[in-house]
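*Asks:*
Number of protein chains: 6
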Amino acid sequence: MARVYVTRTVHFNAAHRLHNPAKSDAWNRRTYGRCNNPNGHGHNYALEVTVAGEPDKDTGYVLDLSDLKRIVQDKIVDKCDHAHLNMDVDFMQGVLPSTEQFAIAIWRELENALPAGALHKIRLAETNNNSVEYFGE
Amino acid sequence: MARVYVTRTVHFNAAHRLHNPAKSDAWNRRTYGRCNNPNGHGHNYALEVTVAGEPDKDTGYVLDLSDLKRIVQDKIVDKCDHAHLNMDVDFMQGVLPSTEQFAIAIWRELENALPAGALHKIRLAETNNNSVEYFGE
Amino acid sequence: MARVYVTRTVHFNAAHRLHNPAKSDAWNRRTYGRCNNPNGHGHNYALEVTVAGEPDKDTGYVLDLSDLKRIVQDKIVDKCDHAHLNMDVDFMQGVLPSTEQFAIAIWRELENALPAGALHKIRLAETNNNSVEYFGE
Amino acid sequence: MARVYVTRTVHFNAAHRLHNPAKSDAWNRRTYGRCNNPNGHGHNYALEVTVAGEPDKDTGYVLDLSDLKRIVQDKIVDKCDHAHLNMDVDFMQGVLPSTEQFAIAIWRELENALPAGALHKIRLAETNNNSVEYFGE
Amino acid sequence: MARVYVTRTVHFNAAHRLHNPAKSDAWNRRTYGRCNNPNGHGHNYALEVTVAGEPDKDTGYVLDLSDLKRIVQDKIVDKCDHAHLNMDVDFMQGVLPSTEQFAIAIWRELENALPAGALHKIRLAETNNNSVEYFGE
Amino acid sequence: MARVYVTRTVHFNAAHRLHNPAKSDAWNRRTYGRCNNPNGHGHNYALEVTVAGEPDKDTGYVLDLSDLKRIVQDKIVDKCDHAHLNMDVDFMQGVLPSTEQFAIAIWRELENALPAGALHKIRLAETNNNSVEYFGE
Chain A
577 MARVYVTRTV HFNAAHRLHN PAKSDAWNRR TYGRCNNPNG HGHNYALEVT
627 VAGEPDKDTG YVLDLSDLKR IVQDKIVDKC DHAHLNMDVD FMQGVLPSTE
677 QFAIAIWREL ENALPAGALH KIRLAETNNN SVEYFGE
Chain B
577 MARVYVTRTV HFNAAHRLHN PAKSDAWNRR TYGRCNNPNG HGHNYALEVT
627 VAGEPDKDTG YVLDLSDLKR IVQDKIVDKC DHAHLNMDVD FMQGVLPSTE
677 QFAIAIWREL ENALPAGALH KIRLAETNNN SVEYFGE
Chain C
577 MARVYVTRTV HFNAAHRLHN PAKSDAWNRR TYGRCNNPNG HGHNYALEVT
627 VAGEPDKDTG YVLDLSDLKR IVQDKIVDKC DHAHLNMDVD FMQGVLPSTE
677 QFAIAIWREL ENALPAGALH KIRLAETNNN SVEYFGE
Chain D
577 MARVYVTRTV HFNAAHRLHN PAKSDAWNRR TYGRCNNPNG HGHNYALEVT
627 VAGEPDKDTG YVLDLSDLKR IVQDKIVDKC DHAHLNMDVD FMQGVLPSTE
677 QFAIAIWREL ENALPAGALH KIRLAETNNN SVEYFGE
Chain E
577 MARVYVTRTV HFNAAHRLHN PAKSDAWNRR TYGRCNNPNG HGHNYALEVT
627 VAGEPDKDTG YVLDLSDLKR IVQDKIVDKC DHAHLNMDVD FMQGVLPSTE
677 QFAIAIWREL ENALPAGALH KIRLAETNNN SVEYFGE
Chain F
577 MARVYVTRTV HFNAAHRLHN PAKSDAWNRR TYGRCNNPNG HGHNYALEVT
627 VAGEPDKDTG YVLDLSDLKR IVQDKIVDKC DHAHLNMDVD FMQGVLPSTE
677 QFAIAIWREL ENALPAGALH KIRLAETNNN SVEYFGE
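Protein chains in written order, with the working numbering: chain A, 577 to 713; chain B, 577 to 713; chain C, 577 to 713; chain D, 577 to 713; chain E, 577 to 713; chain F, 577 to 713.
1) According to DSSP, what are the bridge partners of C/I698?
2) Can you tell which of A/V582, A/G693, A/A681 has the C-alpha that lies nearest to the C-alpha of A/S642?
3) In chain D, which residues lie with their C-beta within 8 Å of the C-beta of A/V580?
4) With 8 Å as the threshold, decide whether the Cβ of B/V625 is near any Cβ in chain F.
5) Can you look up E/T583 in the DSSP assignment and give me helix, strand or coil?
6) Rounded to whole angstroms, how far is the Cβ of F/H658 from the Cβ of E/C656, which I believe are closer than 8 Å?
7) Anything in chain C within Cβ reach of B/K599, meaning under 8 Å, just list it in chain order.
8) What residues from chain C crowd round B/V705, counting only those whose CB sits closer than 8 Å?
9) Assuming E/N615 and F/D664 form a contact by the criterion Cβ under 8 Å, report the distance between their Cβ atoms to the nearest whole angstrom.
10) Roughly how many angstroms separate the alpha carbons of B/G609 and B/L672, rounded to a whole number?
11) Is the number of C-beta pairs between the region 626 to 635 of chain F and the region 698 to 705 of chain E that are closer than 8 Å three or more?
12) Can you find a CB in chain B that lies within less than 8 Å of the CB of A/M663?
13) In three-state DSSP terms, what is C/T607?
14) Write down the C-beta distance between D/R699 and D/E713 rounded to the nearest angstrom, noting that I regard them as a contact closer than 8 Å.
15) For D/N604, I'd like the list of residues in its chain whose CB is within less than 8 Å of its CB, leaving aside the five on either flank, ordered along the chain.
16) Using a cut-off of 8 Å between C-beta atoms, extract the partners of B/N688 located in chain A.
17) Relative to the alpha-carbon of B/H617, which residue among B/A591, B/A598, B/S600 has its alpha-carbon at the smallest distance?
18) Please return the same chain residues whose Cβ sits closer than 8 Å to the Cβ of F/E687, not counting the five positions on each side in sequence.
19) Determine the chain F residues that contact C/N615 at a beta-carbon separation under 9 Å, and present them in chain order.
20) Can you pull the chain F residues whose beta carbon is under 8 Å from the beta carbon of E/H619, in chain order?
21) Which class does D/N704 belong to by DSSP, given the choice of helix, strand or coil?
22) In or out: D/S674 buried (at least 16 other Cβ within 10 Å) or exposed?
23) What is the DSSP secondary structure of A/N596, reduced to helix, strand or coil?
24) On a Cα-Cα basis, can you pick out the residue from B/I680, B/V586, B/F678, B/A628 that is closest to B/D647?
25) Output the distance between the C-alpha atoms of A/M668 and D/L623, rounded to the nearest integer angstrom.
26) Under a three-way DSSP split, which group does A/N589 fall into?
27) Use the C-beta contact count for A/R584: other C-beta atoms within 10 angstroms, 16 or more gives buried, fewer gives exposed.
28) What residues of chain E sit near D/P631, judged by a beta carbon separation below 8 Å?
29) Quick one: grab the DSSP three-state call for B/N662.
30) Quick check: what's the CA-CA separation for E/V627 versus E/E685?
31) If I measure Cβ to Cβ from C/W683 and keep anything under 6 Å in the same chain, skipping five residues before and after, which residues do I get?
32) By alpha-carbon positions, which one of E/V625, E/M577, E/P691, E/S707 ends up nearest to E/I652?
33) Applying a beta-carbon distance threshold of less than 8 Å, which residues of chain E neighbour A/E713?
34) Which residues mark the beginning and the end of the alpha helix (DSSP H) in which D/A679 is found?
35) List the residues of chain D whose Cβ lies closer than 9 Å to the Cβ of C/H660, in chain order.
36) Return the residue from the list C/H660, C/N662, C/L690 that minimises the CA-CA distance to C/Q649.
In structure tokens:
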């Protein structure tokens, strides 16, 4: 028995704005700086989805990557690509789109679409220099 | 005498929307697809600015890269980073922000801020897979 | 009037073998070394296709990248991806699949599928450290 | 006492074919799609080998990277580079060369060639977007 | 409650020399090879600093990345960039600048400058192919 | 007849110091800033050597890349890798090691070691964001 971690990376391009509507405009400007710009800004997001499990003895796969690719496409990329996270994405309504909160929201979307216990990690990079990881804990 | 080409790469994150206001909504949707999304989307832009010339016999530099860096920061990055190209950037007002038109606009901003004839090329990448080059011709 | 160069990068994974059937086995082994291995080897090829022209005054595009993407997909990627260049690819029959000859063959496939004079450059990378460029000259 | 993880990355170019000989041709085509192409396809594999341990108090090294490099070269790269995994590589005979199974096989080759307990992780990337990790568990 | 890991990557360029003054010149040459060159050599170091914690319910941040960036700049980059690690960097005096020891030294500099328990990992890459990770254990 | 441009990329790690001995210390500090640090600093240099020509009708190669690799190794990498450019490299004696001057010096070393007229371009990158190109003109 062997436990292998399999990662599929996808990319999408989206706009967002960091703004907490429960706080004053001054608080938002002070807290988020340019990320609070009213007209938004954007990123080429890189999303790595890692599933873990034992390779199937017939296929040699932990999970067929074309299945994983389709699920991530349906649940995340089709909704987020060329969209504004705050306004256009159903699962981000009412969620502050920091990279941290966005990664947690992606985990929740994917967790139930994958076999129970398969999802191991979400890594979400906003730029080449800034990224977050979430393990569902 | 030797002619050397020196390139400085900078990055900024911006939102934009492809929409030609002289055309119908239907034309815009058909032409630009998801890039016409009313709420915009965004990119991590990579901008390469290439200057050409003979290295100075005292400094060994074609141009001090810290000068080039400051000029690109002032003229382009400070205006475009964490901004919406259509709404927030002075030199993009009335310009359709395709990568092609954006690169031409950047050339025009930089050309006069640099020594005469120094600017050789603008390369602007919207994603790792899509980029344009402009030589001022 | 402005001339802009637009580049689309695509990736495909293929096997190949360097072997000149007009030469002896000894010549082939001496010339190509491990690249002559009878069972072939393979690469993740990165193909950059550059077209040049004036941005359209309505669309702001030199060429709609979704059209360019579709043409490159039909003419090159669908034929070469997950294939053996020597055995499976129609336009490589009788062509020694060095990176140089492969790039020239790709140029010939794309040249007539694109608007006259639009194709400017093919850049084909076999690895991160080895690549060729061809301008149709 | 400090535990440090040291990673060396190497690259090799190989062909492979996903095909389970215990199953029908129809099953193989349905399961593996283009990866079942009879003539094979190929990749530029990136292999990361991570060893863990306490830095030696004289050398400051967990393991001399030139030793690690030589072991990985002898045991893996010299056998796999410019080879067909299914046909040319001794330790892949009878192993279905999915990335998962290939990573497990590499772990087994390296584990005994390294000091006891030193090997911590194998990361094997088939493309920039697909990779697996194996920790020997 | 959710635990998220946030990573900021910074770059700096430094010279160093591997030389253990408690050992003979012959030992040093044999052990370090070209890394023992008396005049030193250098690298573009990439440093990844990972902090872990629960996103703040108001800001959505584990830690404001501009704070993390400032701390890493003050404690590490301003001291190491364009410097010689053996001669110019206060926290490397008396430390053999192997990547392992350098990463441990960076951990110690950052640990106390960050909120208690926030620092999770240091990843330090000397080249694209050689890197170490340290978790403070 | 077809003209193809073939590029081989190599990497080496070196220290250097920007200092013009014909000028005062004050001039050097003002001109070069931290690059004038007396103890030097360093880089992972990436060197791209491009040769141009017609593919040989027997081999399909413009130039055997293993020959090009060997020449670049002998003339440049073996001299510069893990060295201090100002003190250890014969062809850099008396040359101010700006990226511009270093690229010109590399051109001169390679030009005569390659077939007449074969060398087309040197591209030398000091970091991911700073690079120069020289065409021998």
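Heads up, the beta-carbon is just placed ideally off N, CA and C, and yes, glycines get one too.
*Replies:* Once the coordinates are examined:
1) DSSP, once it has assigned bridges, lists C/V625, C/Y710 as partnering C/I698.
2) The closest CA to that of A/S642, considering only A/V582, A/G693, A/A681, is found on A/V582.
3) Neighbours of A/V580 on chain D, chain order: E676, A679, I680, V708, E709, Y710.
4) At a cut-off of 8 Å between beta-carbon atoms, B/V625 makes no contact with chain F.
5) Strand, per DSSP.
6) F/H658 to E/C656, Cβ: 19 Å. No contact.
7) Chain order gives the chain C residues near B/K599 as D634, where near means a beta carbon separation below 8 Å.
8) A small correction: the amino acid at residue 705 of chain B is Asn; Val does not occupy that position in the sequence shown. Residues of chain C passing the Cβ test: R584, T585, V586.
9) Between E/N615 and F/D664 a beta carbon distance of about 6 Å is seen, short of the 8 Å cut, so the two are scored as contacting.
10) The alpha-carbon atoms of B/G609 and B/L672 are separated by roughly 15 Å.
11) Put simply, the region 626 to 635 of chain F does not touch the region 698 to 705 of chain E. Fewer than three CB pairs are less than 8 Å apart.
12) It does; some Cβ of chain B falls within 8 Å.
13) If DSSP states are grouped into helix, strand and coil, C/T607 belongs with the helices.
14) Rounded, the Cβ-Cβ distance is 15 Å, inconsistent with contact.
15) Once the five neighbours on either side are set aside, the close Cβ partners of D/N604 are L594, H595, N596, N612.
16) Going along chain A, no residue has its Cβ under 8 Å from B/N688, so there is no contact; the nearest lies around 26 Å.
17) Of B/A591, B/A598, B/S600, the residue nearest in Cα terms is B/A591.
18) Correct list, in chain order: L695, G712.
19) Correct list: empty, because the minimum Cβ distance to chain F is about 20 Å.
20) Going along chain F in sequence order, the residues near E/H619 (Cβ under 8 Å) are N589, G618, H619, N620.
21) Three-state DSSP puts D/N704 in coil, outside helix and strand.
22) Counting the other Cβ atoms within 10 Å of the Cβ of D/S674 gives 16 or more, which makes it buried.
23) Correct three-state label for A/N596: coil.
24) For the record, residue 647 of chain B in the displayed sequence is Ile; it is not Asp. The residue with the shortest Cα to Cα distance from B/I647 is B/V586.
25) Near 36 Å, if we compare the C-alpha coordinates of D/L623 and A/M668.
26) The three-state reading of DSSP puts A/N589 in strand, counting E and B together.
27) By the neighbour-count rule (16 or more Cβ atoms within 10 Å), A/R584 is buried.
28) Contact annotation for D/P631 against chain E: S674, E676, Q677, I680 [CB-CB distance below 8 Å, chain order].
29) Note: B/N662 maps to helix in three-state DSSP.
30) For E/V627 and E/E685, the distance between alpha carbons rounds to 14 Å.
31) Cβ within range, chain order: I698, Y710, G712.
32) When each option's Cα is compared against that of E/I652, the closest is E/V625.
33) Taking the beta carbon of A/E713 as reference, the chain E residues within 8 Å of it are A578, R579, listed in sequence order.
34) 675 to 687 is the extent of the alpha helix (DSSP H) around D/A679.
35) Taking the beta carbon of C/H660 as reference, the chain D residues within 9 Å of it are A591, N613, P614, N615, G616, H617, G618, listed in sequence order.
36) The candidate whose alpha carbon is nearest that of C/Q649 is C/L690.
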